[in-house]
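What follows is one structure encoded as structure tokens, with my remarks underneath.
Residue numbers (my numbering): 10 to 189.
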């Protein structure tokens with residue numbers, strides 16, 4: 010045996026990750042992106058953590074939500090995935106679904122205990138995001154589920170302010186009628 014100063018020892022574990030394991034993880038993240046609910050259920054049943062996250066901190070649930078795969082979102086949530094697990098930017102699955110306009114995904118997340126506000130570190134809520142992008146059905150859904158129409162982000166802007174700044178034609182009227 011030769012001494013290699015950079016070789017791991019029993020008391021110094023290797024920091025290298027097995028390339029085969031990296032490939033398996035990549036495939037699991039692709040399952041979430043594609044919305045393959047059945048296979049996700051199988052791999053979680055075999056021991057893949059339901060809150061597995063990639064290098065950006067995106068969980069399997071975040072990826073499924075962002076890509077609009079309601080069945081995968083439901084499957085992951087039913088297998089213990091945290092509906093409020095934030096990525097490295099502090100974004101939640103409900104905020105990602107609001108941005109993309111996936112109402113059924115938001116309904117599923119809410120049914121599994123997601124925080125209706127889903128605020129990021131800058132205070133921007135799912136309602137603000139939906140309002141900015143004129144997602145009327147999502148604005149109505151979030152308000153009906155308790156979203157605060159008067160919440161302010163770190164810049165002091167409300168959902169109505171955000172909608173007006175982005176030129177959203179329809180969501181401001183909904184927000185004006187919303188009770189604080």
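For each residue, glycine too, the CB sits at the ideal point set by N, CA and C.
- Using a 10 angstroms sphere on the CB of residue 26, the tally of other CB atoms stays under 16, which defines it as exposed.
- In this structure, 85 is the residue among 119, 78, 75, 85 with its C-alpha nearest to the C-alpha of residue 61.
- Rounded to the nearest angstrom, the gap between the Cα atoms of residue 139 and residue 146 is 9 Å.
- In this structure, the beta-carbon distance from residue 83 to residue 117 falls below 9 Å.
- With contacts defined by Cβ atoms closer than 9 Å, residue 102 and residue 136 do not form a contacting pair.
- Counting of Cβ neighbours within 10 angstroms places residue 163 among the exposed residues, the total staying below 16.
- Between the alpha carbons of residue 129 and residue 96 lies a gap of roughly 10 Å.
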